[in-house]
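Asks: So the sequences go chain by chain: A and B.
Each residue of the first sequence is one higher than the one before, starting from 145 at the first, in the numbering used here.
Each residue of the second sequence is one higher than the one before, starting from 57 at the first, in the numbering used here.
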Amino acid sequence: MFELLGIPPQAFFGQLLLGLINGAFYAMLSLGLAVIFGLLNVINFTHGAQYMMGAFGAWMLLTWLGLPFWVALVVVPILIGAFGMVLERALLRHLYHLDHLYGLLLTFGLALIIEGLYRQQFGSSGQPYVNPMPGGTNLGFMFLPYYRAFIIVFSLAVCVATWYMIERTKLGSYLRAATERPDLVQAFGINVPRMITLTYGFGVGLAALAGVLAAPAYQVSPPMGSNLIIVVFAVVVIGGMGSIMGSILTGFGLGVIEGLTKVFYPEASSTVIFVIMAIVLMIKPAGLFGKQK
Amino acid sequence: MKLKPTTLKAAITAAAALFAGTAAAQYSDGVIKIGVMNDMSGLYADIAGPGSVWAAKKAVEDFGAAAKGLKVEVLGADHQNKPDVGSNIVRQWIDVDKVDVIVDVPTSSVALAVNQIVRDKNKVFLNSGAATSDLTGKACSPNTVHWTYDTWMLANATGKATVKTGGDTWFFLTADYAFGHALERDTEAVVVKNGGKVLGKVRHPFPGQDFSSFLLQAQASKAKVIGLANAGGDTINSIKQASEFGIVKGGQNLAGLLVFVNDIHALGLPTAQGLLLTESFYWDKDDATRAWSKEYFAANKNKMPSMVIAGVYASVLHYLKAVTELKSDADGVKVVEKMKSMPTDDKLFGKGSIRVDGRKLHDVYLFEVKKPAESKAPWDYYKLRATIPAAEAFRPLADGGCPLVK
Chain A
145 MFELLGIPPQ
155 AFFGQLLLGL
165 INGAFYAMLS
175 LGLAVIFGLL
185 NVINFTHGAQ
195 YMMGAFGAWM
205 LLTWLGLPFW
215 VALVVVPILI
225 GAFGMVLERA
235 LLRHLYHLDH
245 LYGLLLTFGL
255 ALIIEGLYRQ
265 QFGSSGQPYV
275 NPMPGGTNLG
285 FMFLPYYRAF
295 IIVFSLAVCV
305 ATWYMIERTK
315 LGSYLRAATE
325 RPDLVQAFGI
335 NVPRMITLTY
345 GFGVGLAALA
355 GVLAAPAYQV
365 SPPMGSNLII
375 VVFAVVVIGG
385 MGSIMGSILT
395 GFGLGVIEGL
405 TKVFYPEASS
415 TVIFVIMAIV
425 LMIKPAGLFG
435 KQK
Chain B
57 MKLKPTTLKA
67 AITAAAALFA
77 GTAAAQYSDG
87 VIKIGVMNDM
97 SGLYADIAGP
107 GSVWAAKKAV
117 EDFGAAAKGL
127 KVEVLGADHQ
137 NKPDVGSNIV
147 RQWIDVDKVD
157 VIVDVPTSSV
167 ALAVNQIVRD
177 KNKVFLNSGA
187 ATSDLTGKAC
197 SPNTVHWTYD
207 TWMLANATGK
217 ATVKTGGDTW
227 FFLTADYAFG
237 HALERDTEAV
247 VVKNGGKVLG
257 KVRHPFPGQD
267 FSSFLLQAQA
277 SKAKVIGLAN
287 AGGDTINSIK
297 QASEFGIVKG
307 GQNLAGLLVF
317 VNDIHALGLP
327 TAQGLLLTES
337 FYWDKDDATR
347 AWSKEYFAAN
357 KNKMPSMVIA
367 GVYASVLHYL
377 KAVTELKSDA
387 DGVKVVEKMK
397 SMPTDDKLFG
407 KGSIRVDGRK
417 LHDVYLFEVK
427 KPAESKAPWD
437 YYKLRATIPA
447 AEAFRPLADG
457 GCPLVK
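1. How many Å lie between B:Lys-296 and A:Phe-189 at the Cα?
2. Can you tell which of A:Arg-237, A:Tyr-290, A:Leu-283, A:Phe-396 has the C-alpha that lies nearest to the C-alpha of A:Val-440?
3. What do you get for A:Ile-427, buried or exposed, if any count of 16 or more other CB atoms within 10 angstroms of its CB means buried?
4. Show which residues of chain A have a CB atom less than 7 Å away from the CB atom of B:Pro-434.
5. Can you find a CB in chain A that lies within less than 7 Å of the CB of B:Asp-266?
6. Can you give me the C-alpha to C-alpha distance between B:Val-180 and A:Val-375, rounded to a whole angstrom?
7. Going along chain A, which residues have a C-beta under 9 Å from B:His-260?
8. Closest Cβ-Cβ distance between B:Ile-173 and chain A: below 7 Å?
9. For A:Val-274, which residues in chain B fall below 9 Å Cβ to Cβ?
10. Under 7 Å, Cβ to Cβ, is there at least one residue of chain B near A:Pro-289?
11. Taking any Cβ of chain A, which residues in the stretch 224-235 of chain B have a Cβ under 8 Å from it, in chain order?
12. Please confirm whether B:Thr-214 and B:Leu-332 have their CB atoms less than 7 Å apart.
13. Am I right that B:Tyr-437 and B:Glu-335 are in contact with their C-beta atoms under 8 Å? What's the rounded C-beta distance?
14. If you measure from the beta carbon of B:Gly-330 to each beta carbon in chain A, is any gap under 7 Å?
15. Are the CB atoms of B:Ser-84 and B:Asp-455 nearer to each other than 7 Å?
16. Check whether chain B comes within 7 Å of A:Gly-403, counting only Cβ atoms and requiring the distance to be less than that.
17. Would you call the CB atoms of B:Val-130 and B:Ile-173 closer than 7 Å?
18. Give me the residue from B:Leu-168, B:Asp-176, B:Asn-178 with the minimum Cα distance to B:Thr-192.
19. In three-state DSSP terms, what is B:Asp-342?
20. Quick check: A:Gly-228 and B:Ala-322, are their CB atoms within less than 7 Å of each other?
21. Are the C-beta atoms of A:Gln-159 and some chain B residue less than 7 Å apart?
22. Give me whichever residues DSSP pairs with B:Val-157 in a beta bridge.
23. Where A:Ile-165 and B:Lys-403 are concerned, what is the direct C-alpha to C-alpha distance, given to the nearest angstrom?
24. Let me confirm a value: A:Tyr-308 is counted as buried when at least 16 other C-beta atoms fall within 10 Å, else exposed. Which label applies?
25. Verify whether the separation of the beta carbon atoms of B:Leu-182 and B:Ser-397 is less than 7 Å.
26. Determine, using beta carbons only, whether B:Gly-367 and B:Trp-203 come nearer to each other than 7 Å.
27. Of all the beta strand (DSSP E) runs that stay within the bounds of the stretch 265-344 of chain A, which reach a length of 3 or more residues?
28. Which residues in the same chain as B:Ala-238 place their Cβ atom closer than 7 Å to its Cβ, once the five residues preceding and following it in sequence are excluded?
29. Could you name the residues of chain A that B:Ala-276 contacts, counting a contact when the two beta carbons are closer than 7 Å?
30. Comparing the C-beta of B:Ala-101 with each C-beta of chain A, is any distance below 7 Å?
31. From B:Ala-79 to B:Gly-86, what does the alpha carbon distance come to, in whole angstroms?
32. Short check: CB of B:Leu-271 to CB of B:Ala-298, under 7 Å?
33. Compare the C-beta of A:Asn-188 with all C-beta atoms of chain B and state if any pair is closer than 7 Å.
34. Taking Cβ-Cβ distances below 7 Å as the criterion, which residues of the stretch 363-396 of chain A are in contact with chain B?
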């Protein structure tokens, strides 16, 4: 059947795998967005900028301090996450009682400011980042760089761990309860505002983590986040706003669909996700995994 | 969905123009006003951007305008790579602010729009940043000089050299818009003419992020050369990922059809080594270019100038010479005629000339990106593979279809 479509099975499996790798980025980014939206009801448009900050953070550690990729993988998400918490405390907090739109405008404005500052400082053509795991292995149907294999394994682990923490642990149940009935949870002696700050920091940290992962594979430049963020929002909408598992599954799934489109009709590969989004919104307005409120 | 501070910039330039002096001289409104318009904040901001404004000001200074009693003003604006934004700025500049010459304007679509407006208003357009060879072809204008490079030149130099050194089967990775298509078309013609063959091509969305899928298709085609008919971040991502997927190690070569020195800087030599590319200016060419570039480097956040920025400097300098000779900047066609009649000579491009269709002629260089071990200092990136003499580097006059050529 594959030959009928003009593609030998080897190439098909290669593209499938590449799609999964790209899907890993979509999944990690949309996961952060889903956590933030699900628990804070904030549409975090700064997410792309925070992803970019993650990539630049890795570059700064390597270039200025000589710290390798593996250190950046741990340190950068914590630093950027802390930056996110400051943002939440100083700015976002004051908007919770208003419409979603205000949070969206604030975070969008912040994204533009951050991107502009980075462009001013580092220029627009980007910075080099050396691949920490050069080489690869021949799978028979394609050459798989070790680093790409690492991306897929690592991000799957992060996604599953996040899902487990929010949906299956006591801390996660506090978080979910705090978003549904903050007053009641507070009455049980739990510091809800602090929990919300930590959650936002965690979501931002996830974006930064994806950014660190992206540094060796993609161009590290100020607009790298805004190029990606619109697609990621589409992934979140398709998966269902706020659904953790939904965003993981749709992230990987859409990566694969996009990857296959790149073979059959490359010109459409940047639009296919939005076509799917339109169809999903018509059939299931709350998204594939979202709950109708 | 991007808001950019153009309105603010336009307001500032307008205000600056308002308060500008009105001393009377033989020049229209007493001042020669140079408007440098390009992408100040987007993906081409390092290739041109604020650096071009610096270069224009430097040209005014080196020309000794003040000592010669000339009053020259340099303005800058951001066209955001959008033809409508660029057209509005140019109309405002010419009609309200009395700008005499528009300089730089990368992004072919914007350049073609500006080309027409400047012609209608009989001012001067010195293009350095745009690639399309149509500016001196079917869209050529008696008011326009195309200074630095064009798609034909890039295709001819890189394409020919690659085929001649054994790269006779090609696969194209093409940005899916006018510029990419033009570059692919021009290069394919050169490849076929020199006995090569095109085995396949893929049109990727612009801008793209992940090229691994397309690179895999290129790998499967078994073509000896993968031609990158794209620019900026797309080229950087293609090359970075080609290195990751072991394309070059596997025996295939990359040909960057439009690569600037700033792109190589963003890639780093371990990734970019061995790449062939064509430029008409390199900062490390000789003592004069080194001295000029080091000054630029110090004033522009430790970046070396691209050929586009060098072109802005040289074209403004030549414009000022012509205007002083004419003692008038009023009639755009006359100024450009004067520019064409005088031989050009500057420290960045050397001696040259401007052809009747507006094409500036100078030598063009085919470079190979150095291996990390060969690079002695930061920004020491290229070794010269070939010099293509001015007479051969650009499209023959008769082939362009320019109506000015009789």
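Beta carbons are placed, not taken as given, at the ideal position from N, Cα and C, and that holds for glycine.
Note that the structure is predicted; figures quoted are calculated from it, not measured.
Replies: Quick answer:
1. To locate residue 296 of chain B, count along the second sequence from 1; it is residue 240. To locate residue 189 of chain A, count along the first sequence from 1; it is residue 45. Each residue's alpha carbon lies about 28 Å from the other.
2. Look at the range of chain A in this structure, 145 to 437, and you will see that residue 440 of chain A is not part of it.
3. Taking the first sequence and counting its residues from 1, the one referred to as residue 427 of chain A is at position 283. Under this definition A:Ile-427 is an exposed residue.
4. Position 378 of the second sequence, counted from the first residue, corresponds to residue 434 of chain B. In chain order: nothing, as chain A lies at least about 12 Å away.
5. Taking the first residue of the second sequence as position 1, residue 266 of chain B is located at position 210. The Cβ of B:Asp-266 sits closer than 7 Å to at least one Cβ of chain A.
6. For the purposes of this step, residue 180 of chain B is taken as the residue at position 124 of the second sequence. For the purposes of this step, residue 375 of chain A is taken as the residue at position 231 of the first sequence. Going from the Cα of B:Val-180 to the Cα of A:Val-375 covers about 42 Å.
7. In the second sequence, residue 260 of chain B corresponds to position 204, counting from 1. Within chain A, the residues near B:His-260 are Lys-406, Pro-410, Glu-411, Ser-413, Ser-414.
8. As a position in the second sequence, residue 173 of chain B is number 117, starting the count at 1. Output row for B:Ile-173: interface = no.
9. The sequence position of residue 274 of chain A within the first sequence is 130, counting from 1. Below the 9 Å Cβ cutoff, chain B contributes Gly-324, Pro-326, Thr-327 as neighbours of A:Val-274, in chain order.
10. Residue mapping note: residue 289 of chain A aligns to position 145 of the first sequence, counting from 1. Closer than 7 Å to some Cβ of chain B, the Cβ of A:Pro-289 qualifies, so yes.
11. Here the close residues are Asp-232.
12. Against the second sequence, residue 214 of chain B aligns to sequence position 158. Against the second sequence, residue 332 of chain B aligns to sequence position 276. It is a contact, given that the beta carbons lie within the stated cut-off.
13. Position 381 of the second sequence holds residue 437 of chain B. Position 279 of the second sequence holds residue 335 of chain B. In fact, because the Cβ distance is near 11 Å, the residues do not count as touching under 8 Å.
14. Within the second sequence, numbered from 1, the residue matching residue 330 of chain B stands at position 274. Not closer than 7 Å to any Cβ of chain A, the Cβ of B:Gly-330 fails to qualify, so no.
15. Residue 84 of chain B sits at position 28 when you count from the first residue of the second sequence. Residue 455 of chain B sits at position 399 when you count from the first residue of the second sequence. Contact flag unset, no.
16. Here residue 403 of chain A refers to the residue found at position 259 when the first sequence is read from its first residue. Closer than 7 Å: yes.
17. Here residue 130 of chain B is taken as the residue at index 74 of the second sequence, counted from 1. Here residue 173 of chain B is taken as the residue at index 117 of the second sequence, counted from 1. Taking 7 Å as the Cβ cut-off, B:Val-130 and B:Ile-173 do not qualify as a contacting pair.
18. Taking the second sequence and counting its residues from 1, one reaches residue 192 of chain B at position 136. Closest option to B:Thr-192, Cα to Cα, is B:Leu-168.
19. Counted from its first residue, the second sequence places residue 342 of chain B at position 286. In the structure shown, B:Asp-342 falls within a coil segment according to DSSP collapsed to helix, strand and coil.
20. As a first step, residue 228 of chain A is located in the first sequence; it is residue number 84 there, counting from the start. As a first step, residue 322 of chain B is located in the second sequence; it is residue number 266 there, counting from the start. No; because the gap between Cβ atoms is not below 7 Å, this pair is not in contact.
21. As a first step, residue 159 of chain A is located in the first sequence; it is residue number 15 there, counting from the start. At least one chain B Cβ lies under 7 Å of A:Gln-159.
22. Working through the second sequence from its first residue, we reach residue 157 of chain B at position 101. The beta-bridge partner set that DSSP reports for B:Val-157 consists of B:Ile-90, B:Val-180.
23. Mapped onto the first sequence, residue 165 of chain A falls at position 21. Mapped onto the second sequence, residue 403 of chain B falls at position 347. One C-alpha to the other measures close to 50 Å.
24. Reading the first sequence from its first residue, position 164 is the one you call residue 308 of chain A. By the neighbour-count rule (16 or more Cβ atoms within 10 Å), A:Tyr-308 is not buried but exposed.
25. Within the second sequence, numbered from 1, the residue matching residue 182 of chain B stands at position 126. Within the second sequence, numbered from 1, the residue matching residue 397 of chain B stands at position 341. In this structure, B:Leu-182 sits away from B:Ser-397, with a CB-CB distance that is not shorter than 7 Å.
26. Against the second sequence, residue 367 of chain B aligns to sequence position 311. Against the second sequence, residue 203 of chain B aligns to sequence position 147. Judged by their CB atoms, B:Gly-367 and B:Trp-203 are nearer to each other than the 7 Å cut-off.
27. Runs of the beta strand (DSSP E) spanning 3 or more residues and lying entirely within the stretch 265-344 of chain A occur at 280-282, 287-289, in chain order.
28. As a first step, residue 238 of chain B must be located in the second sequence, where it is residue number 182. Cβ within range, chain order: Thr-188, Thr-207.
29. In the second sequence, counting from the first residue as 1, residue 276 of chain B sits at position 220. B:Ala-276 reaches chain A at Ala-155, counting residues in chain order whose Cβ is nearer than 7 Å.
30. Taking the first residue of the second sequence as 1, we reach residue 101 of chain B at position 45. Judged by the 7 Å Cβ criterion, B:Ala-101 is in contact with chain A.
31. Within the second sequence, residue 79 of chain B is the residue found at index 23, counting from 1. Within the second sequence, residue 86 of chain B is the residue found at index 30, counting from 1. At B:Ala-79 the pLDDT is 34, less than 50, meaning the model places this residue with poor confidence and gives no usable figure here.
32. For this step, residue 271 of chain B is matched to residue 215 along the second sequence. For this step, residue 298 of chain B is matched to residue 242 along the second sequence. Yes, the Cβ-Cβ distance between B:Leu-271 and B:Ala-298 is below 7 Å.
33. Start at 1 with the first residue of the first sequence, and residue 188 of chain A comes out as number 44. Output row for A:Asn-188: interface = no.
34. Using a CB distance below 7 Å, the part of the stretch 363-396 of chain A facing chain B consists of Gln-363, Ser-365, Pro-367, Asn-371, Leu-372, ordered along the chain.
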